[in-house]
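Okay, structure first, notes after.
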Amino acid sequence: MTLPRLTGALRSFSNVTKQDNYNEEVADLKVKRSKLHEQIIGLDLTWKKIVKFLNEKLEKSEMQSVNEDLKDILQAAKQIVGVDNGKEAIESAATFLFKTFHLKDSVGHKETKAIKQMFGPFPSSAAIAACNATNRITSHFHQDSLTALVQMTKEDPDDKVLFGKNLAFSFDMHDLDYFDELPINGESQKTISLDYKKFLNEHFQEHSTPEVKPVEKTNDSFLWSEVEKYLNATLNEMAEATRIEDLCCTLYDMLASVKSGDELQNELFELLGPDGLELIEKLLQNRITIVDRFLNSSNDHKLQALQENCKKILGENAKPNYGCQVTIQSEQEKQLMKQYRREEKRIARREKKAGEDGEFLEGPMCFDPKELRMQREQALLTARSVPILSRQRDMDFEKIRYPHVYDSQAEAMRTSAFIAGAKMILPEGIQRENNKMYEEVKIPYSEPMPVGFEEKPVYIQDLDEIGQLAFKGMRRLNRIQSIVFETAYNTNENMLICAPTGAGKTNIAMLTVLHEIRQHFQQGVIKKNEFKIVYVAPMKALAAEMTNYFSKRLEPLGIVVKELTGDMQLSKNEILRTQMLVTTPEKWDVVTRKSVGDVALSQIVKLLILDEVHLLHDDRGPVLESIVARTLRQVESTQSMIRILGLSATLPNYLDVATFLHVNPRVGLFYFDGRFRPVPLGQTFLGVKSANKVQQLNNMDEVCYECVLKQVKAGHQVMVFVHARNATVRTAMSLIERAKNNGQISCFLPTQGPEYGHAEKQVQKSRNKQVRELFPDGFSIHHAGMLRPDRNLVENLFSNGHIRVLVCTATLAWGVNLPAHAVVIKGTQMYDAKRGSFVDLGILDVMQIFGRAGRPQFDKFGEGIIITTHDKLSHYLTLLTQQNPIESQFLESLADNLNAEIALGTVTNVEEAVKWISYTYLYVRMRANPLVYGISHKAYQIDPTLAKHREQLVIEVGRKLDKARMIRFEERTGYFSSTDLGRTASHYYIKYSTVETFNELFDAHKTESDILAIVSKAEEFDQIKVREEEIEELDTLLNNFCELSAPGGVENNYGKINILLQTYISRGEMDSFSLISDSAYVAQVTCCIM
2 MTLPRLTGAL RSFSNVTKQD NYNEEVADLK VKRSKLHEQI IGLDLTWKKI VKFLNEKLEK
62 SEMQSVNEDL KDILQAAKQI VGVDNGKEAI ESAATFLFKT FHLKDSVGHK ETKAIKQMFG
122 PFPSSAAIAA CNATNRITSH FHQDSLTALV QMTKEDPDDK VLFGKNLAFS FDMHDLDYFD
182 ELPINGESQK TISLDYKKFL NEHFQEHSTP EVKPVEKTND SFLWSEVEKY LNATLNEMAE
242 ATRIEDLCCT LYDMLASVKS GDELQNELFE LLGPDGLELI EKLLQNRITI VDRFLNSSND
302 HKLQALQENC KKILGENAKP NYGCQVTIQS EQEKQLMKQY RREEKRIARR EKKAGEDGEF
362 LEGPMCFDPK ELRMQREQAL LTARSVPILS RQRDMDFEKI RYPHVYDSQA EAMRTSAFIA
422 GAKMILPEGI QRENNKMYEE VKIPYSEPMP VGFEEKPVYI QDLDEIGQLA FKGMRRLNRI
482 QSIVFETAYN TNENMLICAP TGAGKTNIAM LTVLHEIRQH FQQGVIKKNE FKIVYVAPMK
542 ALAAEMTNYF SKRLEPLGIV VKELTGDMQL SKNEILRTQM LVTTPEKWDV VTRKSVGDVA
602 LSQIVKLLIL DEVHLLHDDR GPVLESIVAR TLRQVESTQS MIRILGLSAT LPNYLDVATF
662 LHVNPRVGLF YFDGRFRPVP LGQTFLGVKS ANKVQQLNNM DEVCYECVLK QVKAGHQVMV
722 FVHARNATVR TAMSLIERAK NNGQISCFLP TQGPEYGHAE KQVQKSRNKQ VRELFPDGFS
782 IHHAGMLRPD RNLVENLFSN GHIRVLVCTA TLAWGVNLPA HAVVIKGTQM YDAKRGSFVD
842 LGILDVMQIF GRAGRPQFDK FGEGIIITTH DKLSHYLTLL TQQNPIESQF LESLADNLNA
902 EIALGTVTNV EEAVKWISYT YLYVRMRANP LVYGISHKAY QIDPTLAKHR EQLVIEVGRK
962 LDKARMIRFE ERTGYFSSTD LGRTASHYYI KYSTVETFNE LFDAHKTESD ILAIVSKAEE
1022 FDQIKVREEE IEELDTLLNN FCELSAPGGV ENNYGKINIL LQTYISRGEM DSFSLISDSA
1082 YVAQVTCCIM
């Protein structure tokens, strides 16, 4: 039998040699193990010994009650250990309980701690039962006889065999102290032992000779005796030799370190506690003597200390040191150990080869211990400057610099000042004004980023024929487009472009479109049937604008661009004849959900462009996540090439979004901060002071008027953003009224040019009363409740300068690209229908609106003004320097999206669903910020990939869908199967909560009135609100057109929906444009539901 090899670490430092005269009677390992086991059992107290002892000492009459008590102890042990464990484990536990309670009357704190340390958490009732049973047994005996029973079996420390006692060492080795000389070859070798007890006995005899003063016996035996005294005093005479030995080694390591007395004093106190104050005092007083005697003593122990140090360096110490201290390895140490192991393997191969060639190696080749010690110390010195508790992920990001990321804030965070604790402050040159009505903070516009040496503008004339046709009329690409050009136009890389609003991201999308067209351009012909390009715009208005833009640009190439939204449906033939589709996230989600029919369309897509990716934090974010996850899985399963381009405003956590889109950050990630704005932006923050709500609103109107008047007097156009449709008219009328009262209305009147008459005629044709009334004073309004022709008319009038002040809602900022010199945000409170309360406007919305400030052709800079309450002023100023990362909203619609995947057939079981979640932005953020998603830090450490958490999420949602009869979930096997209801919900975009409501409310006896009432409560209608100015008209509609009752009436959402539905069926006419818009939406959604 070959002997088990010792670790490379031990051999390299000590040159342990194999005994040639190895003779063993029993060579079989199993037999040795069984013998050792029997020997240990023989030494320790066992259940059989307890039973035997009781049988011998007690009479038969007493044994009956004692047997019952023994059964109680076994039962208690079974409860503590667990039913799964075998008889041997239960009996061992029962023995432990007997030993613990044999001299105790009750379960105290010490006993509870002992049991908890041995078995972990346990039921207290079991411990009490075991204690009572033990007390009943011990009542039959005197205390001395019980102590004899327990101590009779205690292991005699003198007979204890320590590991390594029979190993022989040759002392051909090097000390690790860098100041020692290396031993010379040929020195006499001395056979020594690893037995620490034997060493101490010999050492004590050696130093107790008359030469040494017996009074000052402060050598290592002094250390041993003092530690023994301390353990006897603190552990009630239960100190074992191994414990003393471990503690001696730990204490010696601490005394021999380079730490000062004060540092050492604190560490020793942490290790030994308040009981060890006397021992600490003695150790520190005799520190130098102990260490010197220890080093100058026989080589026997010096070797052992060396062995211990080697083990520590290599992390191979099988037993933890006394006190269970944690070992921290720096990155340099890890690399050092890897290098060491590689070197060791190389030497082994060399030795083997030399042996085969018949050569003789004079000595073993190994690392120079001096060099290793120096490298180790250097690694420790380097590690001192690295923060221990910093998150590894953040540290990695700080080290990496990506070539196309221009983020001044991130650069500032890397500076020593920020790391030292300095806070980010607002830019220099800010102006503050504080008066009774408001506080104003003006931030001047920043200078643009200086042009780098490597930056070269791309001229259109240098492009190929396709590029020149598409960019006809342009001389060159702007700065951002030129930086992005190489990756966008000449590679297939996924890309994420984060740039300020108005920086020209649409032309970057055009570059990727042209790259795709060029790939299908063969022999002068574009193969139009081989590809489809999908542009996903967040809003219908923006989709219409993008369709017009791309149609004009791509017309010379013969590429057909069509809009595919809720308003613009396309037939199958039209889709086949179209090369580029401009759609909304919801529409594309529906198209890709269907496994039949439109599947050919989704499979021929070669380029997917996602505009405004930062909407991931919005309610519509889950739709984007679903689209991307489905596309990425399709790429992997079919091995087809679908390029993804994400366009976004400036985000704080752009790296997370890049990870989600599978973008290579070194190639496809482009981040441009505010310095790259085509028109620099000056920002003004106004905080209105007033405790009275009415007075506050009045002050806001006054401040807003002052800001608008100032800009108009300077000859600029202004856009005023409000957060409700009715507030547009109210604000416009308020501004006109103030202008007339102050005699300043002439400032707002448009110039009476030849084109003005034509514009006036167009306005008089409009059906919108407010537009007609406001236009003569140079004002107008714009919101989603207006008809599309009216919105287009207002946009054209503003573009041509006939409107000086446009009051609009935020939809204009997200939708149409309509810039003005100055934008004013009036108020930051907006109503959230889901929460039923007002919420603060997000900083992303603020920056999106500010993006409309500044017209590239005319202005040197733009101005963004935000008017808020004084208590929110600091909040918005802080967000400028400390923007929060965008989080995922996917959990809210996990049920709908999982049902869609099951209906599509891409997810058939729990395992696939868990894998599917890993493609979402939710997964990226769960790993980056687990606490936000209800995952504890400990759970994340145990399961870094969050596989268990994802599985739990899937199972919970699976149960909910199964209960709603949308799927069938076999929990035992983990398989999903779709039902007709689930497939219908998926294809027609019906939400899980709506299906749940219908399941609850529908039955066979419902009337038509009941059915309309139930449909009105669908979650799809959540965004419909009741507006104060509509109530009167709704009342009229209820009386004139509603044949059936409308529960909820005109004041509730579901009542309004019911009235609009019945009016639509009755073909009634409405005057209010917001009601016309809502009615069209209700009719469209009801067609899907019913």
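The working numbering puts the first residue of the sequence shown at 2, with every later residue one more than the last. C-beta atoms are modelled at their ideal positions from N, C-alpha and C, and glycine is treated no differently.
- If you ignore the 5 residues before and after V764, its C-beta comes within less than 8 Å of the C-beta of V772, R773, F776, L794, L798, all in its own chain and listed in chain order.
- Secondary-structure assignment with DSSP links G865 through a beta bridge to Q684, V824.
- Taken atom to atom, the span from the alpha-carbon of L954 to that of L905 is near 20 Å.
- CA-to-CA, the gap between S107 and L899 works out to about 56 Å.
- Take the alpha-carbon of R374 and the one of M338: they are about 12 Å apart.
- Per DSSP, reduced to three states, the secondary structure at A715 is coil, with no helix or strand assignment.
- G622 sits away from E440, with the two beta carbons spaced by 8 Å or more.
- In the DSSP assignment, E564 falls within the beta strand (DSSP E) that extends over 562–565.
- Per DSSP, S781 is one residue of the beta strand (DSSP E) stretching across 780–783.
- For the options H110, Q65, G468, L543, the alpha carbon positioned closest to that of R792 is the one of L543.
- One Cα belongs to E796, the other to L819, and the distance between them is close to 7 Å.
- Counting along the chain, T584 sits inside the beta strand (DSSP E) bounded by residues 581–584.
- In the three-state scheme derived from DSSP, where H, G and I count as helix and E and B as strand, A854 is classed as strand.
- Residue state for S649 is assigned as strand, using DSSP reduced to three classes.
- Between I481 and F749, the C-beta gap is not smaller than 8 Å, which leaves the two residues out of contact.
- Across the set P501, Q469, I509, the C-alpha of I509 shows the shortest separation from the C-alpha of S483.
- With fewer than 16 other Cβ atoms inside 10 Å of its own Cβ, N530 counts as exposed.
- Within the same chain, Cβ atoms closer than 8 Å to the Cβ of M511 are found at A471, F472, F551, R554, the five residues on either side in sequence being excluded.
- Around the Cβ of Y922, a 10 Å sphere holds 16 or more other Cβ atoms; the residue is buried.
- According to DSSP, residue pairing for K533 in a beta bridge involves V606.
- One alpha carbon belongs to E1020, the other to T995, and they sit about 6 Å apart.
- For L278 and Y877, the gap between their C-alpha atoms comes out near 56 Å.
- Inclusion of G779 and P755 in the CB contact set at 8 Å is not warranted, their separation being larger than that value.
- The three-state secondary structure of V624, taken from DSSP, is helix.
- Residue burial is scored here from C-beta neighbours: E972 has fewer than 16 other C-beta atoms within 10 angstroms and is therefore classed as exposed.
- Taken atom to atom, the span from the alpha-carbon of P857 to that of K457 is near 21 Å.
- Listed as beta-bridge partners of Y976 by DSSP are N910, E971.
- G975 and N910 do touch by the CB rule: their CB atoms are close to 5 Å apart, below 8 Å.
- Under DSSP, the beta-bridge partners assigned to K443 are Q432, T685.
- In the DSSP assignment, M511 falls within the unbroken alpha helix (DSSP H) covering 506–520.
- Counting along the chain, D833 sits inside the beta strand (DSSP E) bounded by residues 830–833.
- Leaving aside the five residues that flank S691 on each side, the residues in its chain whose CB is nearer than 6 Å to its CB run, in chain order, Q697, N700.
- Here Q1024 carries a coil assignment [DSSP, helix/strand/coil].
- Classified as exposed, Q830 has fewer than 16 neighbouring CB atoms from the shown chains inside 10 Å of its CB.
- A Cβ-Cβ contact shorter than 8 Å links D657 with R926.
- When the Cα atoms are used, I746 and I737 turn out to be separated by approximately 7 Å.
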